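Visitor: Residue numbers (the numbering used here): 5 to 433.
(1) Assuming residue 402 and residue 426 form a contact by the criterion Cβ under 8 Å, report the distance between their Cβ atoms to the nearest whole angstrom.
(2) Tell me the DSSP secondary structure of residue 278 in three-state form.
(3) DSSP three-state label for residue 420, please.
(4) Suppose you measure from the CA of residue 136 to the CA of residue 109; what does that come to, to the nearest Å?
(5) Taking the C-alpha atoms as reference points, what is the distance between residue 221 and residue 96?
(6) So which of 418, 321 and 54 has the shortest CA-CA distance to residue 379?
(7) Could you pull out every residue in the same chain whose Cβ sits closer than 6 Å to the Cβ of residue 214, ignoring the five residues on either side in sequence?
(8) Straight-line CA distance for residue 190 to residue 226?
(9) Inspect the beta-carbon positions of residue 170 and residue 195 and report whether they are closer than 8 Å.
(10) How would you label residue 218, buried or exposed, when you count the other beta carbons within 10 angstroms and need 16 or more for buried?
(11) With a threshold of 16 other CB atoms inside 10 Å of the CB of residue 34, please say whether the residue is buried or exposed.
(12) Please report the residue range of the beta strand (DSSP E) in which residue 303 lies.
(13) In this structure, what does DSSP give as the bridge partners for residue 106?
(14) Between which two residues does the alpha helix (DSSP H) holding residue 134 run?
(15) Between which two residues does the beta strand (DSSP E) containing residue 404 stretch?
(16) Report yes if the C-beta distance between residue 51 and residue 9 is below 8 Å; otherwise report no.
(17) Going by the beta-carbon positions, is the gap between residue 312 and residue 276 smaller than 8 Å?
(18) Would you mind working out which of 274, 324 and 368 sits nearest residue 341, comparing C-alpha positions?
(19) How long is the line joining the alpha carbons of residue 183 and residue 319, rounded to whole angstroms?
(20) Looking only at C-alpha atoms, which of 131, 249, 36 and 48 sits nearest to residue 77?
(21) Are the CB atoms of residue 153 and residue 3 within a distance shorter than 8 Å?
(22) Report back the beta-carbon spacing between residue 13 and residue 43 to the nearest angstrom; my notes put them in contact at under 8 Å.
(23) Is the stretch 287-305 close to the stretch 345-356, with three or more CB pairs under 8 Å?
(24) Just to check my reading of the structure: residue 111 and residue 138 have Cβ atoms closer than 8 Å, yes? What is that Cβ distance to the nearest angstrom?
(25) My guess is that residue 397 and residue 383 are in contact by the Cβ rule of under 8 Å, so how many angstroms apart are they, rounded?
Right, here's the structure in full:
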């Protein structure tokens, strides 16, 4: 069927998993003869893949929709992602939204729209009935691809809506991931990032594990750089740590959520570890992999978080050899246990605590870069602008090099020469 739509544009809010899905969705439109255009240009179709981690994410989506309709009143706007799954009625009653597609039908958006089904409708299934897994990967970046290897979560943290938006944990098969890796190598990628909603739960319910996947990739992958995205501390096994310590392909870079340094708050959050467990885990990793970069998720202002609880979080993060923080200001989410809790923290105090942790993150990042100035690094070049090229080291430090002869997607060895708070300058070794 010939499509009445000639152009489509895409926008992603939220996590790296969303980015992989958006990339695959956009390819499905291309396969049907629809041309892709930048999101800030006029398009016949706009697809927004949403996040719902905070209320601000929902508000941002609605602002984008209003802006699109003002610029292009005749455009067709489709909303998918976590916001669509969690609040389909809220979106479908928005006169500017033409289509709402939930988790199960996300990869079918092109078919739904181009089949001339342009009447106002919802395609949102009961999340409890979703058990299929569809791998996806990103192609927008010329040097690094994110591969979705796992989806959903069987945890029920009291601040989080992800199980309601994504469903139960499910994964790709290792053989399917190896095929994707081969395709990406053929396209010239030098780095892949393994992504998932609860990555360490890869293979749950099967005879495959996250370690099995990493070990297989370490042994046979032809792509020189493999990164692991966020992984829960209780799922980061000693076998995985030992593999990272000896691997030349799996990069020394982890993102390990903490959320709080107070055992009281961790218990209220229904996290599956204690402050002491987390501290031991980080120290073990740094002992075995001294140059590793460790990022940390942390939430401020969770109900009942006293000044003492917050200080415990601050002091723990300041004492550990972590490299940077992703700071989230707590936001009540509908249908979560956290939203029903008493002893809510005033928004002003939440914001003040977030500001303090973001300032600490700058200190931690600068400290990490200083500690890496006496070491040579391998850098994957990602961008080029006049006389300067830019890329990231194996342990994810941004590097700028004054050498216009270098090319994007090139791997080079560098010697650090100048240190700034958020990057280093290097010269070819």
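Glycine included, C-beta positions come from ideal geometry on N, C-alpha and C. Quick caveat: nothing in here was measured; it's all calculated off a predicted structure.
Guide: Looking at the coordinates:
(1) 7 Å
(2) coil
(3) strand
(4) 11 Å
(5) 43 Å
(6) 418
(7) 204 and 206
(8) 10 Å
(9) no
(10) buried
(11) exposed
(12) 297-304
(13) Residue 106 pairs with nothing; no bridge assigned.
(14) That residue, residue 134, is in no alpha helix (DSSP H); it is neither H nor E in DSSP.
(15) 402-405
(16) no
(17) no
(18) 274
(19) 45 Å
(20) 48
(21) With the chain represented from 5 up to 433, any question about residue 3 goes unanswered, as that position is not in the structure.
(22) 4 Å
(23) yes
(24) 5 Å
(25) 6 Å
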